[in-house]
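Chains as they are written, first to last, in our numbering: chain A, 1 to 475; chain B, 1001 to 1067.
Every residue, glycine too, gets a C-beta built ideally from N, C-alpha and C.
Here is the structure we will look at.
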Amino acid sequence: MLVERVLVVLYLVGCVGIGIFASRKVLGSRDEYWVAGRRIGTTVNAMAIMASLASGGSIIGVMGLAYSQGIPATLALFAGAVLGFPLASILVARQLRNFGKYTITDFLAFRYPNSVVRYLVPSLIVIAFTIYIVAQLKAAGITAYALLGIPYDTAIVLATLVFIVYVSFGGMVAITWTDMIQGALMLIVVLGAALAMVWRVGSPMELMRQATAVAPELGQVKHQPVASYLGYFVIWATAIPVIPHIVMRVSTARDAKGARMSLNLAMLAYSVMILAAVLVIVPVGKLHFPGLEDADQVFLKVMGSEFPTLIRGVAVAAVLAAVMSTTDALLLACSSAIAHDILGGLLKGRASEKTMAVIRVGAAWVVGLLALYWALSPPELISKFYTAGVGLLSASLFVPTIAGLWWKRANLVGGTAALVAGAATYILAELEVLDLGIAPVVVALAASAIAMLVGGLLGRRESTPMLEAISALHE
Amino acid sequence: MKEFFAMRRGEAAALLFLVAFSTFSFLPVWRDIEIGGIAVFGWLMIALMLISPVLTLFVFFRGQRME
């Protein structure tokens, strides 16, 4: 394991180096810290968006899921995210980039100006993303133990300290560059491995034919209820346009055109990577390792059997890159919810730029260390909770955001009601207090839409200046 | 429609198509029929993952040309 460990250590040192290098430029400026000065080019931004979305789940988890649950149901989950990109590109990217602020809270608090929106939105983000970070840390710890033999506790302490350092000091600039490297690494490893395997067999169809002949369940979905994968599809389709770490990336683009193009290219890269993993690497795993007890091992088993040690070491680094590229973006989004949305709102005009810089760095350390403390003894179902956390954000933010940008009747009453109804209904449905036999996110989105409709039609119409301001965002 | 901000026709059509395609894909009938060892539902998801980026890029570039 020496080669793998050396590669991973080099990679971690590189991340810290980028963070420290970036800190010289970003610490004194809000624009630099939160949105990298709004000058990130299209290709770099696309790769960073792809890496932010592609968590450890997208490398280890997608293949493990396809191996154990079959290809169709697995693709349903990831196709939801792919559908979310056109929704984001067409419905929100141009408008939010033109809006010119930093976070989704900035927009919602402008569109529906009251303290419920101003403080409930960041609170939901902090809750959902802290859970998400803990789940990612747990994945990093388990991966490091399984692949490198490093004890779980040591691995997550080390990984957490590394990404807290580069996120807290380097802000969005450090995250963009590390995510770009991490995204490229993931793409090269997964596509390179898939191409090499297809080259040996002749065609992916032949590979699929052989695999489904040995294991017919790989291509089947009939043993699973539709609701089980429809819910995940809807969660991710509606999350992408409003999820804070993707929205912040939209704001880093040079202009609205760059923001939309970045999302489109990220979607293409994400699609190709997921399809290569599921349609090529998983069938090879099924053929060569048909009875794996831990399905999540399939990727590394295949890499270990098909490629030399050095490539396997790069694959291990790619898995850790996937975990870290999502975690760092989540940490920055979470600290922006605390430092910019909540404390920035409370201290408006009363704190110096230097004090705000200290608050920005401090928020990242507080969230990171809290997540670390929790991850040292994580709840067993944390991986399930994080999807529920993303579902909570989709259920509460999707309708107010989309209606706020597109429906002229959307108003303060409707927006606030949609936010609260979406969040409350989702929580009640997830806790099974409200059980309609449909995926919780579908019920919650319907409740949120009804609340918006009733509030919009019965409440007072928005003022002309507000409608003119929203109209200007569409240009 | 005057209650909504205007959306470009190509973008609206692309969105409608993708939502309709997704809805069509989740019809229960596609779970039981298999082609080449994969349920038709699986093929539809693969198609969605390929069509979605290509269509959105096409609409994006078309919009740029028209501007």
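Whole alpha helix (DSSP H) runs in the segment 244-304 of chain A with 4 or more residues, listed along the chain?
244-252, 256-276 and 282-288
Counting only C-beta atoms, is A/Lys222 closer than 8 angstroms to chain B at any point?
Yes, its Cβ sits closer than 8 angstroms to a Cβ of chain B.
Step through the CB atoms of chain B and report whether any lies within less than 8 angstroms of the CB of A/Pro216.
With a threshold of 8 angstroms between beta carbons, A/Pro216 makes contact with chain B.
Looking at the ligand GDP, does it come within less than 7 angstroms of A/Val302, judged from the CB to the closest heavy atom?
Because no ligand of any kind appears in the structure shown, any question about the ligand GDP cannot be addressed here.
How about A/Val190 and A/Ile59: are their beta carbons less than 8 angstroms apart?
A/Val190 is a Cβ neighbour of A/Ile59, given a cutoff of 8 angstroms.
Would you mind working out which of A/Met47, A/Val26, A/Thr43 and A/Ala46 sits nearest A/Gly37, comparing C-alpha positions?
A/Val26
My assumption, with CB atoms under 8 angstroms, is that A/Ser394 sits in contact with A/Ala421. Please give the rounded CB distance.
Contact flag wrong, Cβ pair sits at about 14 angstroms.
8 angstroms is my cut-off, CB to CB: does B/Leu1057 come that close to chain A?
It does: the Cβ of B/Leu1057 has a partner Cβ on chain A nearer than 8 angstroms.
Would you say the segment 360-368 of chain A touches the segment 399-419 of chain A, given that touching needs at least three Cβ pairs under 8 angstroms?
Contact between the segment 360-368 of chain A and the segment 399-419 of chain A is not established, with fewer than three Cβ pairs separated by less than 8 angstroms.
With DSSP collapsed to three states, give me the class of A/Glu32.
DSSP places A/Glu32 in helix when its eight states are reduced to three.
Which ranges would you report for the alpha helix (DSSP H) in the segment 82-148 of chain A if only whole runs of at least 4 residues count?
DSSP runs (the alpha helix (DSSP H)) wholly in the segment 82-148 of chain A: 94-99, 104-111 and 115-148.
Which residues, in chain order, does the segment 1023-1039 of chain B contribute to contact with chain A at a C-beta distance below 7 angstroms?
Phe1026, Pro1028, Arg1031, Asp1032, Glu1034, Gly1036, Gly1037, Ile1038 and Ala1039
Specify whether the segment 117-135 of chain A and the segment 390-409 of chain A touch according to this definition: at least 3 beta carbon pairs, one from each stretch, less than 8 angstroms apart.
yes
So who's on the other strand from B/Pro1004, going by DSSP bridges?
Residue identity differs from the one stated: residue 1004 of chain B is Phe in this sequence, not Pro. DSSP output for B/Phe1004 lists A/Trp407 as bridge partner(s).
Three-state secondary structure (DSSP) at B/Ile1033?
coil
Strictly below 7 angstroms CB to CB, what residues from chain B border A/Phe110?
Going along chain B, no residue has its Cβ under 7 angstroms from A/Phe110, so there is no contact; the nearest lies around 16 angstroms.
Touching or not, the segment 259-273 of chain A and the segment 32-49 of chain A, by the rule of three or more beta carbon pairs under 8 angstroms?
yes
Indicate the three-state DSSP secondary structure (helix, strand or coil) for A/Ala439 in the structure shown.
coil
Please report the straight-line C-alpha distance between B/Phe1017 and A/Ala237, rounded to a whole angstrom.
So the alpha carbons of these two residues sit roughly 15 angstroms apart.
Give the residues from the segment 1005-1016 of chain B that approach chain A closer than 7 angstroms (Cβ to any Cβ), ordered along the chain.
Phe1005, Glu1011, Ala1014 and Leu1015
Are A/Tyr426 and A/Gly389 closer than 8 angstroms when you measure CB to CB?
no
Grab the span of the alpha helix (DSSP H) containing A/Lys25 for me, first residue to last.
Leu2 to Val26
Can you look up B/Ala1039 in the DSSP assignment and give me helix, strand or coil?
Under the three-state reduction of DSSP, B/Ala1039 is assigned to strand.
Let me see if you follow: with CB-CB separation under 8 angstroms, is B/Met1049 close to chain A or not?
yes
Can you check whether the CB of A/Thr309 is closer than 8 angstroms to the CB of A/Leu108?
no
Let me check one thing: in DSSP terms, what residues is A/Val40 bridge-paired to?
Contrary to the premise, residue 40 of chain A reads as Ile rather than Val in this sequence. According to DSSP, which records beta bridges pairwise, A/Ile40 is partnered with A/Ala253.
Residues in its own chain within less than 6 angstroms of A/Ala256 by CB, not counting five upstream and five downstream?
Arg94, Arg97 and Asn98
Using the rule of at least 16 other Cβ atoms within 10 Å of the residue's Cβ for burial, across every protein chain shown, is A/Gly404 buried or exposed?
Buried, by the Cβ-count rule.
What span of residues does the alpha helix (DSSP H) with B/Ala1012 cover, start to end?
Arg1009 to Ser1025
Does B/Met1045 have its Cβ less than 8 angstroms from a Cβ in chain A?
Closer than 8 angstroms: yes.
Suppose the cutoff is 6 angstroms on Cβ atoms and the five residues either side in sequence are ignored; what does the same chain contact list for A/Met208 look like?
Pro283
8 angstroms is my cut-off, CB to CB: does A/Thr105 come that close to chain B?
no
So A/Ser228 is in the alpha helix (DSSP H); what residue range does that whole segment cover?
Val226 to Ala239
Excluding sequence positions up to five away, which residues of its chain have a Cβ less than 7 angstroms from the Cβ of A/Thr252?
Within the same chain, A/Thr252 has close Cβ partners Val35, Ala36, Arg38, Ile40, Asn45, Met172 and Thr176.
Less than 8 angstroms between the beta carbons of A/Thr160 and A/Gly437, yes or no?
no
Could you check if B/Leu1027 is buried or exposed, using at least 16 other CB atoms within 10 Å of its CB as the buried criterion?
exposed
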